[in-house]
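Enquirer:
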Amino acid sequence: MKYTAYTLLLLTSLWACKKETVPGNPSPEDTTQLKNYNKNLTIVNWNMEWFGDASAFKGDLNEQAANAGLILNYLKADLYGLCEVVDTARFGNMIRQYLGNEFRYLISPYPKIDQKLAIVYNRNIFRNVSARPFMAVSATAAVSFANGRFPFLFMADAVVNGTRKRVYLILLHAKSGTTVEAYTHRLDGSAELKDSLDHYWSDQDGMILGDYNDHFNNSILEGRISPYKNFTDDTLSYLPVTLPLNSPGHQSTIGYPNSVIDQQIVTGNMKQWYMSNSVQIRTDVQLIVPRYTTNNTSDHYPVSSVFRVTD
Numbered sequence: 001m002k003y004t005a006y007t008l009l010l011l012t013s014l015w016a017c018k019k020e021t022v023p024g025n026p027s028p029e030d031t032t033q034l035k036n037y038n039k040n041l042t043i044v045n046w047n048m049e050w051f052g053d054a055s056a057f058k059g060d061l062n063e064q065a066a067n068a069g070l071i072l073n074y075l076k077a078d079l080y081g082l083c084e085v086v087d088t089a090r091f092g093n094m095i096r097q098y099l100g101n102e103f104r105y106l107i108s109p110y111p112k113i114d115q116k117l118a119i120v121y122n123r124n125i126f127r128n129v130s131a132r133p134f135m136a137v138s139a140t141a142a143v144s145f146a147n148g149r150f151p152f153l154f155m156a157d158a159v160v161n162g163t164r165k166r167v168y169l170i171l172l173h174a175k176s177g178t179t180v181e182a183y184t185h186r187l188d189g190s191a192e193l194k195d196s197l198d199h200y201w202s203d204q205d206g207m208i209l210g211d212y213n214d215h216f217n218n219s220i221l222e223g224r225i226s227p228y229k230n231f232t233d234d235t236l237s238y239l240p241v242t243l244p245l246n247s248p249g250h251q252s253t254i255g256y257p258n259s260v261i262d263q264q265i266v267t268g269n270m271k272q273w274y275m276s277n278s279v280q281i282r283t284d285v286q287l288i289v290p291r292y293t294t295n296n297t298s299d300h301y302p303v304s305s306v307f308r309v310t311d
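In structure tokens:
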């Protein structure tokens, strides 16, 4: 079967932040030809550092793609949230070569030029799939999220362990930098994101993952609170699974010891499905790519967590 990236040419009016309903009929791919699994689900987020961009990535692009493919295959995840995809054709070739026929991918149309967000998922497990930019009609979100790098909303039925559960994932790549302006963008973006989720998605099972570009226990801007304190304080609704990793001895990027900026938060039943203490910063990718710390693939480490979806 020939692979193609899903083209997301939705009308802007459909991109408003609104509550989704579960369609009554399964998607055409949801057939008896799909494999049914009884297993735990592994979810990974990873900033791939200017994937396929010859001007911004300082290494060899062919080596970057080969290493990335080896790492994705090694992690054995069921869903990957990937940041900074620039060359979408090269990305698609890599996914096909290293993950095979069981996986499909979706790429956000924003931003229009570079550093796109991509979701790669096991099509046997994640069915009845749809995706769109999140908060894309918001002028304030356009500013807060790095001039239009809107979060990417993925919705699907997770079919596993004899059950079917509607879930959503929001992949984000927040504004980077230690300036007051950059911090304010992250703070404002976090406030608007949580407000949208609280008002329209409070009864849903979901996950917010990606490159948050800041800590959960404080901020990369010295003397400031975490811009995501609104999430971490709301323990009734949200579980910041990476919060324990925001402590000395952990790092999610190569160049910044004791600093974790790649994060995961879950809500709804995903809080109960989360396998306690399963979250990891995957520094073990160096076993597959021994020169990983020379920035021959990415300047970030992947982050993974494990879930047991049940009734």
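full-length UniProt numbering applies: residue 1 is where the sequence shown begins, and numbers increase by one.
Yeah, the Cβ is synthetic: ideal placement off N, Cα and C, and Gly gets one too.
Here the structure is a predicted model, which is why all the values come from computation and not from measurement.
(1) Look up I95 in the DSSP assignment and say whether it is helix, strand or coil.
(2) CB V160 to CB I107, shorter than 9 Å?
(3) I113 lies in the alpha helix (DSSP H); which residues open and close that run?
(4) Per DSSP, which residues does P133 bridge with? Please list them.
(5) For Q64, report the span of its alpha helix (DSSP H) as first-last.
(6) Helix, strand or coil, according to DSSP, for L287 in the structure here?
(7) Which partner residues of V159 appear in the DSSP bridge assignment?
(8) Could you give the DSSP three-state label for S278: helix, strand or coil?
(9) Report the rounded CA-to-CA distance for N209 versus V306, giving the unit in angstroms.
(10) Following the continuous beta strand (DSSP E) through L82, name the residue where it begins and the one where it ends.
(11) With a 10 Å radius around its C-beta and 16 neighbouring C-beta atoms as the bar for buried, classify N62 as buried or exposed.
(12) Can you look up W201 in the DSSP assignment and give me helix, strand or coil?
(13) List the whole-angstrom C-beta distance separating L169 from G100, where the pair is believed to meet the contact cut-off of C-beta under 8 Å.
(14) Grab me the residues of M275's own chain with a C-beta within less than 7 Å of its C-beta, minus the 5 sequence neighbours each way, in chain order.
(15) Could you check how far apart the C-beta atoms of residue 314 and D188 are, in whole angstroms? I think they sit under 8 Å.
(16) Please tell me whether Y212 has its Cβ less than 9 Å away from any Cβ of chain C.
(17) Is the Cβ-Cβ distance between I261 and D205 less than 9 Å?
(18) What's the gap between the Cα of V44 and the Cα of G223?
(19) Buried or exposed: which applies to R149, given that a residue is buried once 16 or more other Cβ atoms fall within 10 Å of its Cβ?
(20) For Y292, count neighbouring Cβ atoms within 10 angstroms of its own Cβ and tell me buried if that reaches 16, exposed if not.
(21) Taking only runs of the beta strand (DSSP E) that begin and end inside the segment 188-250, which ones reach a length of at least 3 residues, in chain order?
(22) If you check the beta carbons only, do E84 and D233 fall under 9 Å apart?
(23) DSSP has F307 in a bridge; who is on the other side?
(24) Kindly indicate the opening and closing residues of the alpha helix (DSSP H) around T140.
(25) Looking only at DSSP bridge pairs, what is S259 linked to?
(26) According to DSSP, is R186 helix, strand or coil?
(27) DSSP puts A118 in a beta bridge; with which residues?
(28) Which of helix, strand or coil does DSSP assign to R127?
(29) Rounded to whole angstroms, what's the CA-CA distance from P26 to G162? Just pull it up for me.
(30) For T178, which of helix, strand or coil comes out of DSSP?
(31) Looking only at DSSP bridge pairs, what is T264 linked to?
Expert: Put simply:
(1) One-based indexing of the sequence shown puts residue 95 at position 95. Note: I95 maps to helix in three-state DSSP.
(2) Against the sequence shown, residue 160 aligns to sequence position 160. Against the sequence shown, residue 107 aligns to sequence position 107. Using a Cβ distance threshold of 9 Å, V160 and I107 do not count as a contacting pair.
(3) Here residue 113 refers to the residue found at position 113 of the sequence shown. Segment: none, I113 is in no alpha helix (DSSP H) and carries neither H nor E.
(4) To locate residue 133, count along the sequence shown from 1; it is residue 133. Assignment of beta-bridge partners to P133 by DSSP yields F152.
(5) For this step, residue 64 is matched to residue 64 along the sequence shown. If you look at Q64, you'll find it in the alpha helix (DSSP H) that goes 61-75.
(6) As a working mapping, residue 287 is identified with position 287 in the sequence shown. Helix, per DSSP.
(7) If you number the sequence shown from 1, residue 159 lands on position 159. Beta-bridge pairing links V159 to R164.
(8) Indexing the sequence shown from 1 puts residue 278 at position 278. In this structure, S278 counts as coil in the three-state DSSP scheme.
(9) By one-based count along the sequence shown, residue 209 stands at place 209. By one-based count along the sequence shown, residue 306 stands at place 306. This sequence places Leu at residue 209; Asn is not what is there. Distance between the alpha carbons of L209 and V306 is about 13 Å.
(10) What you label residue 82 is simply residue 82 of the sequence shown in a count that begins at 1. Unbroken beta strand (DSSP E) run through L82: 79-85.
(11) Locating residue 62 in the sequence shown gives position 62, where the first residue counts as 1. Result: exposed.
(12) For the purposes of this step, residue 201 is identified with residue 201 of the sequence shown, where counting begins at 1. Correct three-state label for W201: coil.
(13) Residue numbering aside, residue 169 sits at position 169 when the sequence shown is read from its first letter. Residue numbering aside, residue 100 sits at position 100 when the sequence shown is read from its first letter. Taking a contact as a CB-CB distance under 8 Å, the pair L169 and G100 does not count as one, their CB atoms being some 22 Å apart.
(14) Here residue 275 refers to the residue found at position 275 when the sequence shown is read from its first residue. So the qualifying residues of the chain are N40, V306, F307, R308.
(15) No answer is possible for residue 314: the residues shown for the chain start at 1 and end at 311.
(16) Any reference to chain C falls outside this structure, which holds one protein chain only.
(17) Locating residue 261 in the sequence shown gives position 261, where the first residue counts as 1. Locating residue 205 in the sequence shown gives position 205, where the first residue counts as 1. With respect to D205, I261 sits apart: the two C-beta atoms are not nearer than 9 Å.
(18) Within the sequence shown, residue 44 is the residue found at index 44, counting from 1. Within the sequence shown, residue 223 is the residue found at index 223, counting from 1. One C-alpha to the other measures close to 30 Å.
(19) On the sequence shown, residue 149 is found 149 positions in, with the first residue counted as 1. Burial of R149 is indicated by the presence of at least 16 other C-beta atoms within 10 angstroms of its C-beta.
(20) The residue labelled residue 292 in the question sits at position 292 within the sequence shown. With 16 or more Cβ atoms within 10 Å of its Cβ, Y292 is classed as buried.
(21) Inside the segment 188-250, DSSP marks whole beta strand (DSSP E) runs of 3 or more residues at positions 205-211, from first to last along the chain.
(22) Translated into the one-based positions of the sequence shown, residue 84 becomes position 84. Translated into the one-based positions of the sequence shown, residue 233 becomes position 233. At the C-beta level, E84 and D233 stay beyond 9 Å of one another.
(23) Here residue 307 refers to the residue found at position 307 when the sequence shown is read from its first residue. DSSP, once it has assigned bridges, lists L41, Y274 as partnering F307.
(24) Counting from one through the sequence shown, the residue named residue 140 turns up at place 140. Membership of T140 in the alpha helix (DSSP H) is indicated by the continuous run 139-144.
(25) On the sequence shown, position 259 is the one that residue 259 refers to. Note: S259 sits in a beta bridge opposite Q251.
(26) Translated into positions along the sequence shown, residue 186 becomes position 186. Per DSSP, reduced to three states, the secondary structure at R186 is helical.
(27) In the sequence shown, the residue the question calls residue 118 occupies position 118. Note: A118 sits in a beta bridge opposite L82, I107.
(28) Residue mapping note: residue 127 aligns to position 127 of the sequence shown, counting from 1. Under the three-state reduction of DSSP, R127 is assigned to strand.
(29) As a working note, residue 26 is residue 26 in the sequence shown. As a working note, residue 162 is residue 162 in the sequence shown. Reliability fails at P26, whose pLDDT of 45 lies under 50, so the model's placement of it is uncertain and the value that follows must be treated cautiously. When only Cα atoms are considered, P26 and G162 end up about 16 Å apart.
(30) Locating residue 178 in the sequence shown gives position 178, counting from the first residue. Coil.
(31) Numbered from its first residue, the sequence shown carries residue 264 at position 264. It is Gln, not Thr, that sits at residue 264 in the sequence shown. For Q264, which the question treats as bridged, DSSP gives the partners L209.
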